[in-house]
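To keep things clear, I will list the structure first and then write my remarks on it.
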Amino acid sequence: MIKLTEVFVLTSGNFDLTKLTKRVEDFVAECDVETGLVTVITTHTTTGITVNEGLPCLEDDIETTLRNLVPDDYPYVHAHWLPTYGRTSANATGHLRSMLVGNNCMFPIRDGKMVLGEAQDIYLAEFDGPQNRKIYIEVIGE
Amino acid sequence: MIKLTEVFVLTSGNFDLTKLTKRVEDFVAECDVETGLVTVITTHTTTGITVNEGLPCLEDDIETTLRNLVPDDYPYVHAHWLPTYGRTSANATGHLRSMLVGNNCMFPIRDGKMVLGEAQDIYLAEFDGPQNRKIYIEVIGE
Amino acid sequence: MIKLTEVFVLTSGNFDLTKLTKRVEDFVAECDVETGLVTVITTHTTTGITVNEGLPCLEDDIETTLRNLVPDDYPYVHAHWLPTYGRTSANATGHLRSMLVGNNCMFPIRDGKMVLGEAQDIYLAEFDGPQNRKIYIEVIGE
């Protein structure tokens with residue numbers, strides 16, 4: 064049994080971490096499978112999906128770390144006028160942070176529930192917001 | 064057919080790389096599927112799952128690289144007294160290295176065996192040890 | 064229904080980004096499943112699989128970013144004579160960039176087609192080329 068859904072998130076800042084854990088748990092519960100795998104995949108190239116402990120202090124450290132590794136102020140080649148954008152691109156950092164963070168995660172399903180470690184939360188990481196973002200959640204189960 | 068198991072690893076240092084390849088191969092063989100996908104997922108937020116060539120020299124370079132990218136000595140916001148921990152957190156680096164490395168991997172199964180490239184080993188990367196760690200291995204096959 | 068195929072790519076430089084999107088789309092179409100998941104997994108430890116917008120300017124920024132994070136000129140421990148290689152290893156950077164980028168990606172399948180966001184392309188990232196590379200594409204569907 065394979066089931067797919069879309070969830071939408073309106074992010075609230077240029078850099079923003081939104082917890083998706085509850086929405087994924089709810090979809091898994093709806094799917095009514097005993098055992099399986101759930102995957103979470105973003106449809107965007109300036110966002111990431113990452114798993115970490117859900118603490119505000121860590122969210123700050125994640126932002127600082129990604130700004131240190133991919134600096135805001137740097138002569139990116141992508142920062143030029145793009146006909147397909149109709150404007151000068153300002154989101155090279157978002158594309159590059161997305162590459163480092165990754166665009167999906169997955170967890171087992173057992174006894175009908177997603178199995179997370181006790182400190183694990185699933186985050187949508189916004190690197191070019193605020194924007195309305197679409198994420199897929201897919202369950203493979205039996 | 065979907066099968067899930069847990070494996071436990073007692074890591075041996077603050078930073079430590081433990082090969083999981085043999086344990087994953089063994090579970091795949093037990094599952095007795097012809098074709099499929101095997102996934103390896105950590106339940107922790109200060110560990111990673113990564114795939115690389117299984118050489119001690121590279122293990123040293125992985126450690127140095129992650130210490131360069133996420134320095135041990137830095138004013139992390141997470142480094143404060145946490146009521147839920149009952150102590151001052153000292154593992155911000157572990158959470159951040161985990162984000163860069165990722166928390167899962169997957170490989171195809173063909174003719175009943177996990178298909179790895181000839182240089183590929185699966186590692187549990189410990190970033191806040193030594194600790195007893197739990198990892199899921201899940202097989203989807205037919 | 065689970066189907067697995069291999070695709071081969073002859074990369075064209077030491078650092079090189081090759082789009083795999085069309086090949087993955089074609090395999091998904093051949094598999095003739097309605098709903099499912101497609102995964103793309105490299106068999107090598109000095110390549111990555113990454114998802115980003117398919118623009119030459121971004122490809123340049125990806126290369127620069129990875130050379131900044133994992134510098135070409137650094138005293139890597141892996142840079143020594145290796146009996147198994149029969150030569151001095153020169154690809155430590157490739158192994159380390161591979162760890163940061165990751166070695167797989169996955170997308171949903173709906174109505175018989177891989178579902179990508181409008182800006183998403185799938186790349187094989189070569190970090191130690193030119194070489195002939197083998198990648199797995201696996202479809203789980205129904």
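Read top to bottom, the protein sequences are chains G, S and Z. For our numbering, add 63 to where a residue sits in the first sequence, where the first one is 1. For our numbering, add 63 to where a residue sits in the second sequence, where the first one is 1. For our numbering, add 63 to where a residue sits in the third sequence, where the first one is 1. All C-beta atoms, glycine included, are put in the ideal place defined by N, C-alpha and C. Quick caveat: nothing in here was measured; it's all calculated off a predicted structure.
Going by other Cβ atoms of all chains shown within 10 Å of its Cβ, with 16 needed for buried, is P171 of chain S buried or exposed? Around the C-beta of P171 of chain S, 16 or more other C-beta atoms lie within 10 Å, and the residue is accordingly described as buried.
message = Rounded to whole angstroms, what is the Cα-Cα separation between V206 of chain Z and E201 of chain Z?
response = Given a span of 64 to 205 for chain Z in the structure shown, any question on residue 206 of chain Z remains unanswerable.
Neighbour-count burial assignment, E116 of chain S, 16 or more Cβ in a 10 Å radius | If you draw a 10 Å sphere on the C-beta of E116 of chain S, you find 16 or more other C-beta atoms in it, and that means buried.
**Span separating the alpha-carbon of T110 of chain G from that of F71 of chain G** = When only Cα atoms are considered, T110 of chain G and F71 of chain G end up about 13 Å apart.
For the region 152-184 of chain G, which segments carrying the beta strand (DSSP E) assignment without a break, of at least 3 residues, lie completely within its bounds, in sequence order? Entirely contained in the region 152-184 of chain G, the beta strand (DSSP E) runs reaching 3 residues are, in chain order, 167-173.
### Query
For the region 100-140 of chain S, which segments carrying the alpha helix (DSSP H) assignment without a break, of at least 4 residues, lie completely within its bounds, in sequence order?
Contiguous alpha helix (DSSP H) elements confined to the region 100-140 of chain S occur at 119-132, taking only those with 4 or more residues.
For R160 of chain Z and L129 of chain Z, I'd like the C-alpha separation in whole angstroms.
When rounded, the distance between both Cα atoms is 6 Å.
*asked:* Would S152 of chain Z pass as an interface residue toward chain S - the criterion being a Cβ-Cβ separation below 9 Å?
replied: It does; some Cβ of chain S falls within 9 Å.
Validate contact between the region 185-194 of chain Z and the region 72-82 of chain Z using beta carbons, cut 8 Å, 3 pairs: As far as the Cβ criterion goes, the region 185-194 of chain Z touches the region 72-82 of chain Z, which means the pair count is three or higher.
According to DSSP, is T84 of chain Z helix, strand or coil?
Helix, per DSSP.
Q: Can you give me the Cβ contacts of E126 of chain S inside the same chain, cut-off strictly under 6 Å, excluding the 5 residues immediately before and after it?
A: Taking C-beta separations shorter than 6 Å and ignoring five residues to either side along the sequence, the partners of E126 of chain S in its chain run F78, following chain order.
Query raised in the report: If we cut at 9 Å on Cβ distances, does M64 of chain G have a partner in chain Z?
Result: Answer yes: the Cβ-Cβ gap between M64 of chain G and chain Z drops below 9 Å somewhere.
Determine the contact status of Y199 of chain Z and V178 of chain S, defining contact as a CB-CB distance below 9 Å. Yes, Cβ-Cβ distance for Y199 of chain Z and V178 of chain S is below 9 Å.
If the cut-off is 8 Å on Cβ atoms, which residues from the region 110-139 of chain S count as contacting chain G, listed in chain order? Residues of the region 110-139 of chain S with a C-beta atom less than 8 Å from some C-beta of chain G are L132, V133 and Y139, listed in chain order.
Inset, instruction - Classify V96 of chain Z as helix, strand or coil using the three-state DSSP reduction. - result: When secondary structure is reduced to three states using DSSP, V96 of chain Z falls in the coil class, being assigned neither helix nor strand.
task = Name the two residues that bound the continuous beta strand (DSSP E) containing N195 of chain S.
result = In this chain, the beta strand (DSSP E) harbouring N195 of chain S covers N195 to G204.
For A92 of chain G, would you say it is in contact with chain S, using Cβ-to-Cβ distances shorter than 9 Å as the test?
Answer no: the Cβ-Cβ gap between A92 of chain G and chain S never drops below 9 Å.
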